[in-house]
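The structure appears right after this line, and notes come after that.
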């Protein structure tokens, strides 16, 4: 019988719980980073400056926690508790999640600089882009959880959804930038809005990268 290459499922079966628990925490914190960014955007759209400020700070806190978990897991993995192929897979997994948190924090930093309320058309398209990001990270989380349970077909299905959402995010970025260009914005707001559009699409890119890796693990495990 072909040996399973699903490192996340293997960790559960082998009861290497300290690594698996850290991996689960990392997934959850990465998800929370995106979730708080969504809340920051919603507050910004509503003109809730204090709510925006609080949510952005939460994004920063989650990103720092994700970074700390990454460092902790890398240190543990360097101790050689796993064979090299499994260690490499888990390292890749951890780093792919960390990049999502990094890019989300970058988007939040740009949002923090936008102090004036933007035109409604821009806000509407930013809202749509945000919902795509949130749907994407939610599907990624579902896919990772399915892989941890060795539900390989569901993991692949969820990751395929992530891929479709990334294509949707590409299209939404073009629409958003088109609206930004047509509106009469001050030079700082034009630059910041454009950068926000780029970073938001970048978040979905990083989510897709993680989804591609999870899908590869699932396919190898069949």
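In my numbering, the protein residues as written are 17 to 238. Note that CB positions come from ideal geometry on N, CA and C, so glycine has one too.
- Counting only residues of its own chain and dropping the five nearest sequence neighbours on each side, residue 226 has a CB closer than 7 Å to the CB of 112, 113, 116 and 156.
- Per DSSP, reduced to three states, the secondary structure at residue 130 is coil, with no helix or strand assignment.
- Rounded to whole angstroms, the separation of the alpha carbons of residue 81 and residue 58 is 23 Å.
- The residue from 168, 230, 68 and 224 with its alpha-carbon nearest to that of residue 148 is 224.
- Around the CB of residue 183, fewer than 16 other CB atoms lie within 10 Å, so the residue is classed as exposed.
- With a cutoff of 7 Å on beta-carbon distance, residue 146 and residue 54 are scored as near each other.
- With 16 or more other Cβ atoms inside 10 Å of its own Cβ, residue 185 counts as buried.
- When the beta-carbon positions are compared, residue 72 and residue 128 come within less than 7 Å of each other.
- In this structure, DSSP gives residue 94 a state outside helix and strand, which the three-state scheme calls coil.
- In the three-state reduction of the DSSP assignment, residue 64 falls in the coil class.
- With 16 or more other Cβ atoms inside 10 Å of its own Cβ, residue 174 counts as buried.
- Between residue 176 and the set 42, 131, 189 and 151, the nearest pair of CA atoms involves 151.
- Look at residue 121 here: in three-state DSSP terms it is helix.
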